[in-house]
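Undergrad: If you read the sequence shown in the working numbering, its first letter stands for residue 1, the second for the next number, and so on.
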Amino acid sequence: MKHYSIVPDRDVNGWFVKIEDTAPADHYEMKSAAVEYAEKIAKENKPSKLSILDKNLEIEEERTY
């Protein structure tokens, strides 16, 4: 199962989409855009899990596809 994450950048000015434990793949200014993209790739690569973190790096929501 692949694991995708939405995490804030250092200054919380944007959001990264991370795949597994690799370096961040994509950067978005809006959290909603990052979630939308991560959902799309997670659904295309089932089974997968998406973790959405808040600005404090705490899990806000987890989704499984």
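Even for Gly, the Cβ is constructed at its ideal location relative to N, Cα and C.
Using the beta-carbon count (16 or more within 10 Å), is L57 buried or exposed?
TA: Exposed, because fewer than 16 other Cβ atoms sit within 10 Å of the Cβ of L57.
Undergrad: Tell me the DSSP bridge mates of E61?
TA: Beta-bridge pairing links E61 to I52.
Undergrad: Starting from V35, trace the alpha helix (DSSP H) both ways and give me its first and last residue.
TA: That run of the alpha helix (DSSP H) goes K31 to E44.
Undergrad: Taking I59 and K31 to be in contact with their CB atoms under 8 Å, please state how far apart those CB atoms are, rounded to whole angstroms.
TA: Incorrect: roughly 14 Å between the Cβ atoms, too far for contact.
Undergrad: What does the alpha-carbon distance come out to for the pair D26 and T64?
TA: Near 20 Å, if we compare the C-alpha coordinates of T64 and D26.
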